[in-house]
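In what follows, a single structure is set out as structure tokens and then discussed.
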Amino acid sequence: MLMRLAIVLAALPVAVVLHLESSSIGPLLIVSGLTVLTVLMPGSAGAALLIGYAALATAFADGHPLRLGVLVLIPALHLVHITSALAAVVPVKTRIEAAALKAPARRFAIVQVITFVVTAFAAVVPSGAGIGLVEVLGLGALTVVIGVVALRI
Amino acid sequence: MSRADKIREAFAQSHGAHWHPTDAYSRAVWLGVGLVVAGMFLHEVELVLFGVPLVLSVLLTSQPRGTPTVSVRPVPRGAGLGVVHTVARVDGADAEIAVVKLPGGTRAVPAHSPDLPVEVRRDAWGPGVDLRLDHLFAGPDGMHVYGPVVGVEHVRTILPPVEHHPSGPLPPRPAGLVGIHRSPRAGDSTELRDIRAFQPGDRLKRVDWRVTTRTGTLHVRERHAEADAEVVLALDTRADVGAEVADWSSPHHGSSTRPGGSLDRAVRRAASMAAGYLRQGDRVALMDLSRPQLNVRSGVGRRHLMRIRTQLVVCVQAAGWSSHVALRRLPHGSVVVLLSPFLDDEIAELAVSTRRRGHVVLAINTLPLPLTPDPETPWGEVAAEVIAAEHRLRLRRMAEHGVAVTREC
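So the protein sequences, as listed, match chains E and D.
Everything in the first sequence is counted per my numbering, starting at 2 for the first residue and increasing by one.
Everything in the second sequence is counted per my numbering, starting at 411 for the first residue and increasing by one.
And the structure:
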């Protein structure tokens with residue numbers, strides 16, 4: 002039950018951010034529905050749909066790319082991913098020792114630190130059409146990442 | 411390979427005792443890479459930033475290797491009722507979290523945690539499973555799992571408990587040398603059996619001079635022998651009923667017998683009586699009225715008590731085998747203790763016919779009284795009253811024919 006509660010707590014800022022950035026109640030209802038689906042079935046596609054929907058809705062909304070809402074959603078969506086992954090392997094009525102969550106928490110912190118370094122880099126890179134060099138670097142880095150991931154699969 | 415085989419193989423690969431990726435791994439790979447690629451091509455930096463943590467979580471973790479195990483220190487199989495303590499040892503190999511199903515509930519612990527204390531409760535006698543530690547190991551961030559694995563069953567057999575009854579007013583004596591009960595045969599005790607004419611072989615010290623003088627022919631005094639009693643515990647295993655009449659037709663799950671039911675009471679009483687008689691030095695036999703092949707021949711001693719208690723468990727496991735009862739090959743002059751709920755006339759007739767053959771018969775009623783009628787039917791009270799009245803009549807008829815009857819177990 003603890004991990005299910007953690008999913009709800011992680012999805013709460015996502016719902017709040019999307020609701021504040023939207024003029025209708027639609028995003029709130031969608032996020033709530035996907036959260037319920039994820040809580041009930043953590044191993045389903047609910048978490049992927051929740052993360053994907055929140056990412057697309059935020060990306061195509063008006064506002065600065067690195068506004069507060071985006072900075073809140075980066076750890077929140079990652080937390081949704083982690084908590085639903087752990088909830089999928091732990092039965093509902095399980096007593097979870099705090100020591101068992103120490104390693105995932107440490108890894109979460111490391112990933113977030115690296116992500117915010119990337120965010121800081123994105124903040125200083127000049128925007129506009131004439132940034133071909135940055136795009137080439139990004140594509141090169143992405144190719145390396147895809148290659149590493151493909152080798153692991 | 412056919413399509414069905416491929417599907418079967420894919421299903422087998424996603425379960426069982428080997429490391430395999432979870433949905434979280436697929437989500438992190440495809441969603442993470444997808445968001446980053448989409449962000450790059452659509453010039454949306456937010457998508458890239460949302461995808462980076464997912465990709466990093468895959469890059470920072472590796473697929474675990476090795477074979478994690480959960481083992482448990484064995485507990486004694488034949489110990490009595492109560493609580494038994496042991497420990498479960500978790501060897502997680504490359505795993506990060508171990509999820510173990512313990513008797514007190516499922517626990518998620520670090521894969522390299524110290525031994526887990528396990529408390530095993532043994533509430534009922536009979537055969538059963540003490541422990542089965544089903545488990546699952548999760549790799550970093552739950553992206554790979556090992557299992558779920560069905561644990562090894564640790565079985566045990568708990569013998570029926572023995573309640574110590576106070577012994578009768580008997581003098582202290584060395585056990586096993588001589589009996590304490592009067593035998594129908596002639597012997598060397600002090601209790602007079604008969605005075606008869608002298609026969610070749612009679613000892614001269616047995617001559618009754620007074621009778622000899624009066625009759626003019628030699629007469630001797632014959633005395634009773636003292637022998638160990640031959641007790642036969644006859645168990646009626648055809649029915650196991652409790653006080654609730656409504657439950658009589660439904661099976662009981664979770665233990666060999668209904669707790670407090672007729673069979674449970676009969677077995678407990680039989681074990682206690684066997685212990686009491688054997689402690690006195692008497693010979694005790696066990697007979698299953700519906701399965702004669704499970705009978706235990708009469709014997710003495712502590713090992714014989716263990717044999718009887720073990721066989722009581724076997725009898726209960728085979729309970730309900732036959733609807734007929736039979737009492738064969740009774741030792742001459744034995745005391746027969748019938749343990750039954752006495753729910754039909756057949757068992758009552760068996761008790762009476764055994765009494766007529768010259769045995770002392772003690773009928774112990776194991777039916778829990780008073781009966782509780784079925785509240786869900788308007789005929790519940792009437793049915794319970796009819797059953798109780800028939801039962802009372804049956805016990806009274808047995809008593810009239812010389813069977814010693816105890817109404818309460």
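Using N, Cα and C, we set each Cβ at its ideal position, and we do this for glycine too.
Owing to the predicted nature of the structure, the values given are computational and were not obtained by experimental measurement.
### Message
Assuming residue 540 (chain D) is part of the beta strand (DSSP E), what are its boundary residues?
### Response
Secondary structure note for residue 540 (chain D): its beta strand (DSSP E) is the uninterrupted segment 536-542.
### Query
If we ignore side chains and look at the alpha-carbon of each, how far apart do residue 86 (chain E) and residue 715 (chain D) end up?
If you take the alpha carbons of residue 86 (chain E) and residue 715 (chain D), they lie about 57 Å apart.
#### Entry: Unbroken alpha helix (DSSP H) run spanning residue 564 (chain D), endpoints
For residue 564 (chain D), there is no enclosing alpha helix (DSSP H); the enclosing beta strand (DSSP E) covers residues 563-568.
### Query
At what residue ranges does the region 424-463 of chain D contain a whole run of the alpha helix (DSSP H), taking only runs of 4 or more?
If only uninterrupted alpha helix (DSSP H) runs of at least 4 residues are considered, those enclosed by the region 424-463 of chain D are 433-436 and 442-452.
### Message
Suppose the cutoff is 7 Å on Cβ atoms and the five residues either side in sequence are ignored; what does the same chain contact list for residue 803 (chain D) look like?
### Response
Correct list: empty, nothing qualifies.
### Query
If you pair each beta-carbon of the region 443-459 of chain D with each one of the region 52-72 of chain E, do three or more pairs fall below 8 Å?
When Cβ pairs closer than 8 Å are counted between the two stretches, the region 443-459 of chain D is seen to touch the region 52-72 of chain E, the count reaching three or more.
### Message
What does the Cβ neighbour count give for residue 39 (chain E), buried or exposed, with the cut at 16 atoms within 10 Å?
### Response
Classification of residue 39 (chain E): buried, given that the 10 Å Cβ count is 16 or more.
### Task
Note down the Cα distance separating residue 764 (chain D) from residue 658 (chain D), rounded to an integer number of angstroms.
Each residue's Cα considered, the two are about 29 Å apart.
### Task
Might you give, ordered along the chain, the residues of its own chain that have their beta carbon closer than 8 Å to the beta carbon of residue 45 (chain E), omitting 5 neighbours on each side?
38 and 39, listed in sequence order.
### Simplified DSSP assignment, three categories, for residue 14 (chain E)
Helix.
### Task
Just the chain E side, please: which residues come within less than 8 Å of residue 404 (chain D) by C-beta, in chain order?
Any question about residue 404 (chain D) goes unanswered here, given that chain D covers just 411 to 819.
### Message
Give me the residue from D:623, D:564 and D:655 with the minimum Cα distance to residue 781 (chain D).
### Response
Looking from the CA of residue 781 (chain D), the closest CA among D:623, D:564 and D:655 belongs to D:655.
### Message
Under 7 Å, CB to CB, which of the residues in the region 4-29 of chain E have a partner in chain D?
### Response
Hits within the stretch: zero.
### Task
Please decide whether residue 95 (chain E) counts as near chain D, where near means a Cβ-Cβ distance under 9 Å.
Residue 95 (chain E) counts as touching chain D.
### Query
Does DSSP classify residue 53 (chain E) as helix, strand or coil?
Residue 53 (chain E) carries a helical assignment under DSSP once its states are collapsed to helix, strand and coil.
### Message
Using C-beta distances below 7 Å, list every residue in its chain close to residue 100 (chain E), excluding the 5 sequence neighbours before and after it, in chain order.
### Response
Setting aside the 5 residues that flank it on each side, residue 100 (chain E) has no residue in the same chain whose C-beta is closer than 7 Å to its C-beta.
### Task
Return the chain-ordered list of same chain residues with a C-beta closer than 7 Å to the C-beta of residue 476 (chain D), the five sequence neighbours on each side being excluded.
Short of 7 Å from the beta carbon of residue 476 (chain D), and not among the five residues preceding or following it, lie these beta carbons of its own chain, in chain order: 503 and 504.
### Task
State yes or no: is the beta carbon of residue 543 (chain D) nearer than 9 Å to at least one beta carbon in chain E?
Chain E, which has no Cβ nearer than 9 Å to the Cβ of residue 543 (chain D), makes this no.
### Any 3 or more C-beta pairs closer than 8 Å across the region 697-704 of chain D and the region 730-745 of chain D
With a cut-off of 8 Å, the region 730-745 of chain D and the region 697-704 of chain D count as touching, because enough Cβ pairs lie within range.
### Query
Closest by CA to residue 404 (chain D), which one among E:53, E:30 and E:29?
Summary: the structure shown does not reach residue 404 (chain D), with chain D confined to residues 411 through 819, and so no result is reported for it.
### Residue from D:549, D:548 and D:540 whose Cα sits closest to the Cα of residue 567 (chain D)
Comparing Cα positions, the closest option is D:540.
### residue 799 (chain D), buried or exposed, once every other Cβ within 10 Å from all chains shown has been counted against 16
Exposed: under 16 other Cβ atoms inside 10 Å.
### Message
I'd like to know if the region 611-630 of chain D and the region 715-725 of chain D are in contact, where contact means that at least 3 CB-CB pairs between them fall below 8 Å.
### Response
Flag = no, the region 611-630 of chain D and the region 715-725 of chain D do not touch.
### Task
Output, in sequence order along the chain, the residues in the region 106-118 of chain E whose CB is closer than 8 Å to any CB in chain D.
Against chain D - using a Cβ distance shorter than 8 Å - the residues of the region 106-118 of chain E are 108, 111, 112, 113, 115 and 116.
### Task
Can you give me the Cβ contacts of residue 497 (chain D) inside the same chain, cut-off strictly under 8 Å, excluding the 5 residues immediately before and after it?
482, 483, 525, 526, 527 and 528, listed in sequence order.
### Query
Exposed or buried, residue 668 (chain D), counting other C-beta atoms within 10 Å across all chains shown (16 or more means buried)?
Looking at its Cβ environment, which holds 16 or more other Cβ atoms inside 10 Å, residue 668 (chain D) is buried.
#### Entry: C-alpha gap between residue 787 (chain D) and residue 793 (chain D), whole angstroms
Going by the C-alpha atoms only, they are around 10 Å apart.
### Task
Could you name the residues of the region 517-529 of chain D whose beta carbon sits closer than 9 Å to any beta carbon of chain E, in the order they occur along the chain?
Listed by position along the chain: 517, 518, 519, 520, 521 and 523.
### Query
For a contact meaning CB atoms closer than 7 Å, what does residue 83 (chain E) contact in chain D?
Within chain D, the residues near residue 83 (chain E) are 551.
### Query
Between residue 91 (chain E) and chain D, is there a C-beta pair that is closer than 9 Å?
The beta-carbon of residue 91 (chain E) is placed less than 9 Å from the nearest beta-carbon of chain D.
### Query
Is residue 671 (chain D) helix, strand or coil when you go by DSSP?
Residue 671 (chain D): coil per DSSP, three-state reduction.
### Query
Are residue 95 (chain E) and residue 509 (chain D) touching if we call contact CB-CB under 9 Å?
A distance below 9 Å separates the beta carbons of residue 95 (chain E) and residue 509 (chain D).
### Query
Tell me which same chain residues have a C-beta within less than 6 Å of the C-beta of residue 145 (chain E), skipping the five on either side of it?
Taking residue 145 (chain E) as the centre and dropping the five residues before and after it, the same chain places no C-beta closer than 6 Å to its C-beta.
### Message
Report the start-end ranges of each beta strand (DSSP E) in the region 603-642 of chain D that is 3 residues or longer and not cut off at the edges.
### Response
Within the region 603-642 of chain D, the complete beta strand (DSSP E) runs of at least 3 residues are 629-637.
### Message
Alpha carbons only, please: which of D:439, D:719 and D:776 is nearest the one belonging to residue 472 (chain D)?
### Response
The candidate whose alpha carbon is nearest that of residue 472 (chain D) is D:439.
### Query
What's the gap between the Cα of residue 113 (chain E) and the Cα of residue 23 (chain E)?
Answer to the nearest angstrom: the Cα atoms are 26 Å apart.
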